[in-house]
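Engineer:
In structure tokens, the structure reads:
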């Protein structure tokens with residue numbers, strides 16, 4: 175059965191790239207373009223991994239991480255960050271995320287990190 | 060950040076190490092070899108140092124550095140700062156054979172054998188390497204998709220449409236002096252320019268997000284508009300199917 179990955183990202187070019195690469199790698203990909211929609215999906219569907227941006231409309235990535243840690247503690251999280259976000263990445267690690275990927279991601283690096291994170295859970 | 064050894068200006072080494080004993084051992088080796096050593100206890104401190112200073116000849120970072128480990132720190136410096144620095148991952152466990160992603164390892168505790176490892180690494184090519192400025196490139200999209208034409212064209216159309224909408228939102232925000240909104244939008248569209256390998260677009264977005272004062276935001280916004288128009292025109296000229 176294919177692993178289900180939720181992508182929470184509001185830049186459509188990044189979404190398209192992530193979606194293309196992850197589907198090619200054999201995953202089922204579900205998209206949320208804002209934090210509110212992501213929370214709804216997290217409440218009603220099951221996922222094996224979430225890739226989330228931190229700066230999102232309506233509900234921030236940090237709030238999503240907090241929700242997952244409190245309600246779905248076994249779900250691994252990879253943060254999608256941009257450059258110059260060292261402090262934000264540090265905060266995300268403090269909250270317990272498993273890894274981060276910088277945008278635009280290296281395709282091979284994305285595959286490796288997703289595979290590695292899923293293998294640990 | 061401490062400048063702990065200044066015995067020679069020739070070779071600069073950034074050591075990221077939490078253990079004082081390992082650090083002191085390394086500094087003794089450095090003194091014997093006239094290396095200039097800068098030390099950091101954590102990975103974020105090291106990243107900030109690299110951003111603020113000239114790149115060292117080699118960075119030695121412990122595998123278990125925190126909050127980013129040695130591998131993640133290397134990835135960040137390479138992918139985010141666009142700087143190539145020879146890196147040695149230090150480990151208490153014999154890790155010489157555990158080569159990962161082309162990275163080399165150095166065993167701890169540091170010893171005279173470490174000198175050979177470091178000297179070999181320093182000889183490798185690894186000077187700071189900024190990307191060249193250009194209006195756009197499809198290399199990233201081609202690499203990502205193995206040249207899938209449908210994907211590339213779809214991505215270009217998304218660039219054209221989504222960035223146009225965001226630039227219009229920036230204009231509206233500018234009219235009512237909502238500078239924070241402008242910064243947020245610039246942050247959002249920065250990856251779109253990066254995917255097209257537009258370093259000018261990336262830098263303009265970075266300036267809007269992190270550096271611009273309210274006085275120079277209008278000028279930067281104007282430049283971003285002009286760049287977008289230029290890229291759009293170039294794409295129309297270069298790619299007949301782009302419409």
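Chains as they are written, first to last, in our numbering: chain A, 175 to 295; chain B, 60 to 302.
Quick reminder that beta carbons are idealized off the backbone N, C-alpha and C, glycines included.
Tell whether a beta-carbon distance below 7 Å holds between residue 114(B) and residue 142(B).
Structural biologist: Counted from its first residue, the second chain places residue 114(B) at position 55. Counted from its first residue, the second chain places residue 142(B) at position 83. Yes, the pair counts as a contact, with Cβ atoms nearer than the cut-off.
Engineer: Using alpha carbons as the reference points, say which of 246(A), 265(A), 195(A) lies closest to residue 215(A).
Structural biologist: Your numbering for residue 215(A) matches position 41 in the first chain. Residue 246(A) is the option with its Cα nearest to residue 215(A).
Engineer: If you measure from the beta carbon of residue 185(A) to each beta carbon in chain E, is any gap under 7 Å?
Structural biologist: The chain labelled as chain E is not found among the protein chains of the depicted structure, namely A and B.
Engineer: Give the interface partners of residue 267(A) over in chain B, defined as CB-CB distance under 8 Å, in chain order.
Structural biologist: In the first chain, counting from the first residue as 1, residue 267(A) sits at position 93. By Cβ distance, chain B contributes 126, 127.
Engineer: Could you spell out the range, first to last residue, of the beta strand (DSSP E) harbouring residue 273(B)?
Structural biologist: Position 214 of the second chain, counting from 1, holds the residue named residue 273(B). Per DSSP, residue 273(B) belongs to no beta strand (DSSP E) and is neither H nor E.
Engineer: Return yes when the Cβ of residue 195(A) is within less than 7 Å of the Cβ of residue 281(A), no when it is not.
Structural biologist: Taking the first residue of the first chain as position 1, residue 281(A) is located at position 107. Taking the first residue of the first chain as position 1, residue 195(A) is located at position 21. Cβ distance < 7 Å, so residue 281(A) and residue 195(A) count as in contact.
Engineer: Please list the terminal residues of the continuous beta strand (DSSP E) segment that includes residue 274(A).
Structural biologist: Stepping through the first chain from its first residue, residue 274(A) is reached at position 100. That run of the beta strand (DSSP E) goes 273-276.
Engineer: Considering only residues of the same chain and omitting the five flanking positions on each side of residue 204(A), which have a CB-CB separation below 8 Å?
Structural biologist: As a working mapping, residue 204(A) is identified with position 30 in the first chain. These residues qualify, in order along the chain: 178, 179, 180, 181, 215, 219, 221.
Engineer: I'd like the span of the beta strand (DSSP E) that includes residue 97(B), first residue to last.
Structural biologist: In the second chain, residue 97(B) corresponds to position 38, counting from 1. Here the beta strand (DSSP E) through residue 97(B) covers 94-99.
Engineer: Of all the residues that make up the region 216-249 of chain A, which are near chain B by a beta-carbon distance shorter than 8 Å?
Structural biologist: Cβ contacts with chain B: 229.
Engineer: Is the distance from the Cβ of residue 186(A) to the Cβ of residue 208(A) below 7 Å?
Structural biologist: Taking the first chain and counting its residues from 1, one reaches residue 186(A) at position 12. Taking the first chain and counting its residues from 1, one reaches residue 208(A) at position 34. Cβ distance not < 7 Å, so residue 186(A) and residue 208(A) don't count as in contact.
Engineer: Taking 7 Å as the threshold (C-beta atoms), are residue 227(A) and residue 254(A) in contact?
Structural biologist: Stepping through the first chain from its first residue, residue 254(A) is reached at position 80. Stepping through the first chain from its first residue, residue 227(A) is reached at position 53. Yes.
Engineer: Mapping DSSP to helix, strand and coil, what is residue 80(B)?
Structural biologist: The count along the second chain starts at 1 and reaches residue 80(B) at position 21. In this structure, residue 80(B) counts as helix in the three-state DSSP scheme.
Engineer: Is the beta carbon of residue 242(B) closer than 7 Å to that of residue 252(B)?
Structural biologist: As a first step, residue 252(B) must be located in the second chain, where it is residue number 193. As a first step, residue 242(B) must be located in the second chain, where it is residue number 183. Going by C-beta atoms, residue 252(B) is not nearer than 7 Å to residue 242(B).
Engineer: Determine the DSSP secondary structure at residue 234(A), reduced to helix, strand or coil.
Structural biologist: Along the first chain, read from residue 1 onward, the residue named residue 234(A) stands at position 60. Reduced to three states, the DSSP call for residue 234(A) is coil.
Engineer: Please name the residue in 291(B), 257(B), 221(B) whose C-alpha comes closest to that of residue 190(A).
Structural biologist: For the purposes of this step, residue 190(A) is taken as the residue at position 16 of the first chain. It is 221(B).
Engineer: With 16 as the cutoff for other CB atoms within 10 Å, does residue 274(B) come out buried or exposed?
Structural biologist: Position 215 of the second chain, counting from 1, holds the residue named residue 274(B). The residue in question, residue 274(B), is exposed, as its Cβ has fewer than 16 Cβ neighbours within 10 Å.
Engineer: How far does the alpha helix (DSSP H) with residue 164(B) in it extend, from its first residue to its last?
Structural biologist: Mapped onto the second chain, residue 164(B) falls at position 105. Run containing residue 164(B): none in the alpha helix (DSSP H); it sits in the beta strand (DSSP E), 163-166.
Engineer: Classify residue 250(B) as buried or exposed, calling it buried when 16 or more other Cβ atoms lie within 10 Å of its own Cβ.
Structural biologist: Counting from one through the second chain, the residue named residue 250(B) turns up at place 191. Burial call: buried.
Engineer: Which residues of chain B have a Cβ atom closer than 7 Å to the Cβ of residue 188(A), listed in chain order?
Structural biologist: As a position in the first chain, residue 188(A) is number 14, starting the count at 1. Within chain B, the residues near residue 188(A) are 250.
Engineer: Determine the closest residue to residue 270(A) out of 237(A), 198(A), 175(A), 233(A), with distance taken between C-alpha atoms.
Structural biologist: Residue mapping note: residue 270(A) aligns to position 96 of the first chain, counting from 1. Per the Cα distances, 237(A).
Engineer: Taking one C-beta from the region 209-218 of chain B and one from the region 226-238 of chain B each time, how about it: are there three or more such pairs within less than 8 Å?
Structural biologist: Output reads no: the region 226-238 of chain B does not touch the region 209-218 of chain B.
Engineer: Considering Cα atoms alone, identify which of 285(A), 225(A), 275(A) is closest to residue 249(A).
Structural biologist: The residue you call residue 249(A) lines up with position 75 of the first chain. Answer by Cα proximity: 225(A).
Engineer: List the residues of chain A that residue 246(B) touches, going by C-beta distances under 8 Å, in chain order.
Structural biologist: Stepping through the second chain from its first residue, residue 246(B) is reached at position 187. By Cβ distance, chain A contributes 229, 256.
Engineer: Apply the 10 Å Cβ neighbour rule to residue 175(A) and answer buried if 16 or more other Cβ atoms are within range, or exposed otherwise.
Structural biologist: In the first chain, the residue the question calls residue 175(A) occupies position 1. That one is exposed.
Engineer: Between the alpha carbons of residue 233(A) and residue 197(B), how many angstroms are there, rounded?
Structural biologist: Within the first chain, residue 233(A) is the residue found at index 59, counting from 1. Within the second chain, residue 197(B) is the residue found at index 138, counting from 1. Their backbone Cα atoms lie some 33 Å apart in a straight line.
Engineer: Mark residue 134(B) as exposed unless 16 or more other C-beta atoms lie within 10 angstroms of its C-beta, in which case mark it buried.
Structural biologist: Along the second chain, one-based indexing puts residue 134(B) at 75. With 16 or more other Cβ atoms within 10 Å, it is buried.
Engineer: Hey, quick one: how far does the beta strand (DSSP E) through residue 182(A) stretch, first residue to last?
Structural biologist: For this step, residue 182(A) is matched to residue 8 along the first chain. Its beta strand (DSSP E) spans residues 178-182.
Engineer: Could you tell me which of 92(B), 121(B), 235(B), 90(B) sits nearest to residue 99(B), measuring between CA atoms?
Structural biologist: Here residue 99(B) refers to the residue found at position 40 of the second chain. Selected option, being the one with the closest Cα: 121(B).
Engineer: What residue range is occupied by the uninterrupted beta strand (DSSP E) comprising residue 3(B)?
Structural biologist: An answer regarding residue 3(B) cannot be provided, because it is not within the stretch 60 to 302 covered by chain B.
Engineer: Can you pull the chain B neighbours of residue 272(A), defined as C-beta to C-beta under 9 Å?
Structural biologist: Position 98 of the first chain, counted from the start, is the residue given in the question as residue 272(A). Within 9 Å Cβ-Cβ: nothing; residue 272(A) doesn't reach chain B, min ~11 Å.
Engineer: Taking Cβ-Cβ distances below 8 Å as the criterion, which residues of the region 216-233 of chain B are in contact with chain A?
Structural biologist: Those would be 217, 218, 221, in chain order.
Engineer: Would a check of beta-carbon distances place residue 254(B) closer than 7 Å to chain A?
Structural biologist: Stepping through the second chain from its first residue, residue 254(B) is reached at position 195. Chain A contact via Cβ: present.
Engineer: With distances taken Cα to Cα, identify the nearest neighbour of residue 162(B) among 117(B), 201(B), 171(B).
Structural biologist: As a position in the second chain, residue 162(B) is number 103, starting the count at 1. The residue with the shortest Cα to Cα distance from residue 162(B) is 117(B).
Engineer: With distances taken Cα to Cα, identify the nearest neighbour of residue 264(B) among 127(B), 255(B), 277(B), 248(B).
Structural biologist: Here residue 264(B) corresponds to residue number 205 of the second chain, with the count starting at 1. Closest option to residue 264(B), Cα to Cα, is 248(B).
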